[in-house]
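*Asks:* Protein chains in written order, with our numbering: chain A, 1 to 112; chain B, 113 to 223.
#1: Kindly indicate which residue of B/144, B/126, B/125 and B/124 has the alpha-carbon position closest to the one of residue 116 of chain B.
#2: So, with DSSP's three-state summary, where would you put residue 85 of chain A?
#3: When you compare only the Cα positions, how much space is there between residue 148 of chain B and residue 155 of chain B?
#4: Does any C-beta atom of chain A lie closer than 8 Å to the C-beta of residue 213 of chain B?
#5: Just checking, does the region 203-221 of chain B make contact with the region 96-112 of chain A on the three C-beta pairs under 8 Å criterion?
#6: Within 10 Å of its beta-carbon, does residue 197 of chain B have 16 or more other beta-carbons around it, so buried, or fewer, so exposed?
#7: Taking only runs of the beta strand (DSSP E) that begin and end inside the region 45-84 of chain A, which ones reach a length of at least 3 residues, in chain order?
#8: Which residues of chain B have a Cβ atom closer than 7 Å to the Cβ of residue 42 of chain A, listed in chain order?
#9: Taking the beta strand (DSSP E) that residue 169 of chain B belongs to, which residues open and close that run?
#10: So, is residue 213 of chain B buried or exposed, given that buried needs 16 or more other C-beta atoms within 10 angstroms?
#11: What residue does the beta strand (DSSP E) around residue 155 of chain B start on, and which one ends it?
#12: Out of B/135, B/141 and B/128, point me to the one whose CA is closest to residue 209 of chain B's CA.
#13: Per DSSP, what kind of secondary structure is residue 7 of chain A in: helix, strand or coil?
#14: Since residue 21 of chain A meets chain B, which of its residues come closer than 7 Å, beta carbon to beta carbon?
#15: Shorter than 8 Å from the beta carbon of residue 90 of chain A to some beta carbon of chain B?
#16: Counting only Cβ-Cβ distances shorter than 7 Å, please list the residues of the region 138-155 of chain B near chain A, keeping chain order.
#17: Please confirm if the region 176-187 of chain B is in contact with the region 121-134 of chain B, defined as three or more CB-CB distances below 8 Å between the two stretches.
#18: Let me check understanding here. Comparing Cα to Cα, which of B/123, B/177 and B/153 lies closest to residue 222 of chain B?
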């Protein structure tokens, strides 16, 4: 039973398209995150939600819009995809405080 | 500011010890973490240390923290081929539980 699951695992799409990535956690955690990992494996936080409320919004183009319908789900919608959006996107959840994160297995997005 | 640095690559022979180093700049970090990423997978939490500790041991893993120098290390004893992965250190400053990750160290274990 997967703790943090992301779909799809792979996504190949053309420039200019709009796409969504979904994330669900069954750990009962209050906080969820989206991280972007680039080709050099560098990880950078994009967004964080706590109980459906946005608490971290790093410098991310407004083409990226997170949505949290409930505390177990955090989806990421990307408009007008660009080549530079190609990366692996990781969802994670945490019970807050300093307990560390549980990560999903990632979504590899390739924009062609 | 937040900046976490690691060396990019480390190669060790099976059975030897591996030491992966990390330096950070944010002195207000409360917890420091080590994560492991295998190919095609997400990050797996290995261990963590609270900033008022200087050492933590967990089976083959030993974490050393030098808070004065803002230096963190992960020692893996008796390194095995299954330990080949990318290792990330991360710091938490307690701001909305935000973790800032290091640049990652790719560990290669040779026979």
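Even glycine gets a Cβ: it sits at the ideal position worked out from N, Cα and C.
Keep in mind that this is a model prediction, so the values were computed, not measured.
*Replies:* In this structure, then:
#1: B/144
#2: helix
#3: 6 Å
#4: yes
#5: yes
#6: buried
#7: 53-57, 64-70 and 73-78
#8: 215
#9: 167-170
#10: buried
#11: 155-162
#12: B/141
#13: strand
#14: Within chain B, no residue comes near residue 21 of chain A; the closest Cβ sits about 14 Å away, beyond 7 Å.
#15: yes
#16: 142, 143, 145, 153, 154 and 155
#17: yes
#18: B/123
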